[in-house]
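Numbering (our numbering), first residue to last: -12 to 699.
Data block below; observations after.
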């Protein structure tokens, strides 16, 4: 497997080395899409009207996934695994298991609200680079983070004119450009359809990041307005007729989470030698603890499934990333790319004076980060518990809101409060046994990471064990109490009282989980402050200089690293070669049944076994394309040149795991559910005809079908 990833990455042409991206590489912003390159390779290119329509038809799930609008009534398509939290929460509320059994709302009235879910639609992009640069120009490194935070908070607050809008200042090219993304914010999201987990994640971990695949990884949710009715949407993607063939051009519109293609060699070596091994160790430990917890019973298995899935997926992805960075040939390629860029900068005196020292400064900052990161992660990212998350959120909400907007922790700035409120006051089921287990595990890990003699461990733990602390805090806490109306809006309970009461109410609370958060917070704030001023801010400052150096050498015809903001990639339906054999681009329903067994994870659910005789087995199930994607693209639509849905992204192949650091179009592949399989399943397996009628109806975009907005 390592040799495959090596071959996939050795031939890459990074943006640092080559300037404009080669082949079908690139996760492009919508205001810098390389239309001319697409036209040169595929014969025509998207018009501005096409780009605007696709942008408005693409949405983002705030928790970390992509999605698309597929009807004028606010119907949204995404992956099953992107809605797992909603499905699991609703299962707990209803006392059922919708992950195991699936869910379909046969009528609109049966569509239940997903606790805490938010969907965002990007409506405007504005360049704010001059304002950001002016606020930080000439500042010493230790002041950079504060100045950038203050101006970011001010810009976002000015933009977010009501709670219906979400505004984010986005750093692109690692500080080379800053753009203000303005979103329409939707917080009443309801579940419409989800298949059984057995078909949504058919093949389980053995098939994860592999191809051929046979998954129906889909769910449908719906946006509702303030009037409690489905939200009317002007733009949505039409459904294709399913006739897509090998070689056809495809576009993926979604929100890739993170790439590291613009990082320096020192930063990548840090990931290889420190960050990834540490996080892989943690993920492996948590996978083991969760697997053991699931043996306690069926209910324990149900309410911990989402977390286990997350850790398994994260671990496998990190292993692929680490294998890429650890490969000598790939590392040599990275080193040569950096050497060439530094040489070009050194050859021009004006560039050498402005940017030449930046690489060495980054390396020094990285070493400082290595020293601080274990304590920073232990205190700021732990403990792991839903109740602790709520307690710390309420505590910091009270403490931060008495400060000026620009001086707060960034997640408590005015423009970000609506999501914070939604998150803290969501009526999610809380399972005391699971809370105690999670809190005990994370406190045990905290003591291991910090050491028994660390001042925080001595003062907070005292003579108590992690198990004692966890049981006392969970069993005595009333933070699980929240009262909501029929639409899921918080109307009462201790949690809401503390949120509304602010600092005075929280300071007066004797809730034991609040007390635990209060005991840990001074040290957590202190190490966070040091990390921001000594590592994060100085590093951002140097990355900004490196971005300017790349612009000076290569120009602006490149794409930036992924930032969980909306991007558009282009490619084609295309198989690949693996271990000396050709991997065809399509699988079929017939292949699904041939692959199925009576044992997990290849056991089909009863609905699919019963429907076999009704299905057209020649219908394509999954397919691969050469589009450049990364984590966060889950749930992205795959569309054709007419902006019609031909598939739904849910994974990449094993070779794509190195896509964090580079792209090779010969083997990196996007894996998607075919649009024809989605319709076939909705109609003949689940009897969801009301959904089928809704999504294959006429296009409702202004000016007619999306077909009219593409140059031919």
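The beta-carbon is built from N, C-alpha and C at its ideal position, and this holds for glycine as well.
Whole angstroms is fine: what's the gap from residue i's alpha carbon to residue j's?
i, j, result
"residue 37", "residue 117", "29 Å"
"residue 150", "residue 250", "35 Å"
"residue 62", "residue 218", "9 Å"
"residue 8", "residue 653", "Interpretation of residue 8 is limited by its pLDDT of 48, a score under 50 that renders its predicted location unreliable; the figure taken from the coordinates is listed afterwards. Whole-angstrom Cα-Cα distance: 15 Å."
"residue 66", "residue 187", "8 Å"
"residue 597", "residue 673", "11 Å"
"residue 314", "residue 176", "44 Å"
"residue 239", "residue 549", "14 Å"
"residue 104", "residue 174", "6 Å"
"residue 30", "residue 43", "25 Å"
"residue 291", "residue 86", "12 Å"
"residue 6", "residue 248", "Confidence at residue 6 is low in this model, with a pLDDT of 42, below 50, so its placement is unreliable and the value that follows should be read with caution. Computed Cα separation, rounded: 12 Å."
"residue 529", "residue 257", "16 Å"
"residue 216", "residue 475", "14 Å"
"residue 112", "residue 165", "10 Å"
"residue 35", "residue 471", "44 Å"
"residue 208", "residue 180", "7 Å"
"residue 509", "residue 639", "42 Å"
Between residue i and the ligand ATP, is there a pair consisting of the residue's CB and a ligand heavy atom that are separated by less than 6 Å?
i, result
"residue 368", "No copy of the ligand ATP appears in this structure; indeed no ligand is present at all."
How about residue i and residue j: are their beta carbons less than 7 Å apart?
i, j, result
"residue 203", "residue 668", "yes"
"residue 55", "residue 681", "no"
"residue 561", "residue 613", "yes"
"residue 168", "residue 157", "yes"
"residue 485", "residue 201", "no"
"residue 636", "residue 627", "no"
"residue 143", "residue 402", "yes"
"residue 338", "residue 539", "yes"
"residue 102", "residue 76", "yes"
"residue 547", "residue 159", "yes"
"residue 12", "residue 89", "no"
"residue 311", "residue 317", "yes"
"residue 559", "residue 41", "no"
"residue 436", "residue 319", "no"
"residue 241", "residue 623", "yes"
"residue 15", "residue 555", "yes"
"residue 604", "residue 342", "no"
"residue 172", "residue 107", "yes"
Mind checking who residue i pairs with in its DSSP beta bridge?
i, result
"residue 479", "470"
"residue 237", "558"
"residue 90", "181"
"residue 17", "None; residue 17 has no bridge partner."
"residue 563", "570"
"residue 109", "170"
"residue 153", "170"
"residue 100", "177"
"residue 114", "166"
"residue 590", "584"
"residue 575", "607"
Leaving aside the five residues before and after residue i along the sequence, list all residues of the same chain whose C-beta is less than 7 Å from its C-beta, in chain order.
i, result
"residue 602", "576, 667, 671"
"residue 499", "459, 460, 463, 464"
"residue 525", "128, 131, 352"
"residue 679", "666, 669, 670"
"residue 469", "412, 414, 477, 480, 482, 483"
"residue 155", "143, 168"
"residue 367", "511, 514, 515"
"residue 563", "570, 653, 654, 656"
Would you say residue i reaches chain D, if we count a Cβ-Cβ gap shorter than 7 Å as a contact?
i, result
"residue 166", "Chain labels in this structure do not include chain D; a single protein chain is all it has."
Counting only the same chain and skipping the five closest in sequence on each side, list residues whose C-beta sits under 8 Å from that of residue i.
i, result
"residue 683", "226, 666"
"residue 274", "295, 298, 299, 302"
"residue 304", "196, 618, 644"
Excluding the 5 residues preceding and the 5 following residue i in the sequence, name in chain order all residues of the same chain whose CB lies nearer than 6 Å to its CB.
i, result
"residue 429", "369, 370, 371"
"residue 71", "293"
"residue 519", "132"
"residue -12", "Its pLDDT being 29, under 50, residue -12 is placed unreliably by the model, and the measurement read from it follows with that caveat. For residue -12, where only same-chain residues beyond five positions count, there are no Cβ hits under 6 Å."
"residue 426", "370, 372, 457"
"residue 439", "none"
"residue 399", "387"
Next item on the list: Within the segment 347 to 431, note down every full beta strand (DSSP E) run reaching 3 residues or more, in order along the chain.
Entry: none
Item checked: Minimum length 3: unbroken beta strand (DSSP E) runs contained in the segment 29 to 86 -> The segment 29 to 86 contains these whole beta strand (DSSP E) runs: 45 to 48, 52 to 56, 62 to 65.
Check: For the segment 608 to 696, which segments carrying the beta strand (DSSP E) assignment without a break, of at least 3 residues, lie completely within its bounds, in sequence order?
Finding: 624 to 626, 631 to 639, 657 to 661
Notebook entry, point to check: Which full runs of the alpha helix (DSSP H) of 4+ residues lie inside the segment 156 to 242, going along the chain?
Noted result: 184 to 187, 191 to 194
Check: Of all the alpha helix (DSSP H) runs that stay within the bounds of the segment 481 to 541, which reach a length of 4 or more residues?
Finding: 481 to 495, 499 to 518, 524 to 541
Check: Curious, which full-length alpha helix (DSSP H) runs of at least 4 residues does the segment 240 to 273 contain?
Finding: 252 to 257
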